[in-house]
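Undergrad:
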Amino acid sequence: MTTHESEIRALLADRAEAQQTKDIDRLMSFYAADAVYYDAVPPLRFTGTDEIRRNFLRWFDGYVGPIGLETHDLTLVAGEDTAFAHMLHLDSGERKGGLQASIWVRESVCLRRTAGTWSITHEHVSIPVDPATLTVWLPSAKDQPA
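So for the sequence shown, our numbering puts the first residue at 547; every next one is plus one.
#1: If you draw a straight line from the C-alpha of F630 to the C-alpha of V623, how long is it?
#2: Which of the three DSSP states, helix, strand or coil, is assigned to T549?
#3: Shortest alpha-carbon distance to E626 belongs to which of E563, A661 and H635?
#4: Roughly how many angstroms separate the alpha carbons of I673 and W683, rounded to a whole number?
#5: On the three-state DSSP scale, how would you describe D619?
#6: DSSP three-state call for D560: helix, strand or coil?
#7: Can you give me the Cβ contacts of E640 inside the same chain, cut-off strictly under 8 angstroms, excluding the 5 residues immediately before and after it?
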């Protein structure tokens, strides 16, 4: 594993911890000022850290306590100043209204290194949909067939 790969893996782990604990300031420290974030919720595209921050606060507000976020199948390719990662996350926790369902989320992340520091420039999150019913797919295991 290269030094860059180790740095990015550490960044992604720290980012997940900030998400789990709802530490918005720490979480936003991983994003470039001009980052673009595609999400599964309207308006679907969030540009810049102000919009991305509001979207994360919306997500945090849906949970009573901490957010469970397990990273699976992380794949990473890192060059000198750019990197790309994709992974699955199992998102869980007690949601407002008592819902306790876990959901698998697919994620791709692009990063740029400027002045020796890596930051997220683009992120794309999607939620699997059952093609037969066009509803969110809530499998108990990531490899369970639809």
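Positions of the beta carbon are idealized from the N, C-alpha and C atoms, including for glycine.
TA: Taking the geometry as given:
#1: The count along the sequence shown starts at 1 and reaches residue 630 at position 84. The count along the sequence shown starts at 1 and reaches residue 623 at position 77. So the alpha carbons of these two residues sit roughly 5 angstroms apart.
#2: Taking the first residue of the sequence shown as 1, we reach residue 549 at position 3. Reduced to three states, the DSSP call for T549 is helix.
#3: Translated into the one-based positions of the sequence shown, residue 626 becomes position 80. Measuring from the Cα of E626, the nearest candidate turns out to be A661.
#4: What you label residue 673 is simply residue 127 of the sequence shown in a count that begins at 1. What you label residue 683 is simply residue 137 of the sequence shown in a count that begins at 1. Rounded to the nearest angstrom, the two C-alpha atoms are 8 angstroms apart.
#5: Within the sequence shown, residue 619 is the residue found at index 73, counting from 1. D619 falls in the strand class under three-state DSSP.
#6: Translated into positions along the sequence shown, residue 560 becomes position 14. Of the three classes helix, strand and coil, the one that applies to D560 here is helix, per DSSP.
#7: Start at 1 with the first residue of the sequence shown, and residue 640 comes out as number 94. Within the same chain, E640 has close Cβ partners Y609, V610, G611 and Q646.
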